[in-house]
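Down below is the structure, laid out as structure tokens.
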Amino acid sequence: MTEESETLPQTLLNNLASQLQTLNAQTSQINSVSIQLPEFWTKSPEVWFARVEAQFGIKGITQDQTKYDYVVSSLDINTTTRAVTRQP
Numbered sequence: 299m300t301e302e303s304e305t306l307p308q309t310l311l312n313n314l315a316s317q318l319q320t321l322n323a324q325t326s327q328i329n330s331v332s333i334q335l336p337e338f339w340t341k342s343p344e345v346w347f348a349r350v351e352a353q354f355g356i357k358g359i360t361q362d363q364t365k366y367d368y369v370v371s372s373l374d375i376n377t378t379t380r381a382v383t384r385q386p
């Protein structure tokens, strides 16, 4: 076996290893979390928000946009209407 033929497989292995590391780094940054929040408690909103924040903490949800989307999806129609129309 020549030196050139030994170098080619090693180069391919190095390239594959590099691509795998890149893919692993990209994949580890993509997280999908799903939670089911209870419907909004109009008579106890402070308690409801405390419970929701606890669920976000348990699931590791830290992005404000994600929190907002989950909260809005759990609001009843009247509360949603009031909340969304107050957005800047």
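Note that my numbering has the sequence shown beginning at 299, numbered continuously upward. Where a beta carbon is used, it is the ideal one built from N, C-alpha and C, also for glycine.
Cβ-Cβ separation, residue j to residue i (assumed contact under 8 Å), whole Å
i	j	result
I333	K357	5 Å
D362	E337	With 8 Å as the limit, D362 and E337 do not qualify as a contact, their Cβ atoms being about 22 Å apart.
Simplified DSSP state of residue i, which is helix, strand or coil
i	result
G358	coil
I398	Examination of residue 398 is not possible in this model, given that the chain is present from 299 through 386 alone.
F347	helix
K341	coil
L373	coil
Buried/exposed call for residue i, threshold 16 Cβ in 10 Å
i	result
F347	exposed
V345	exposed
V350	buried
V369	buried
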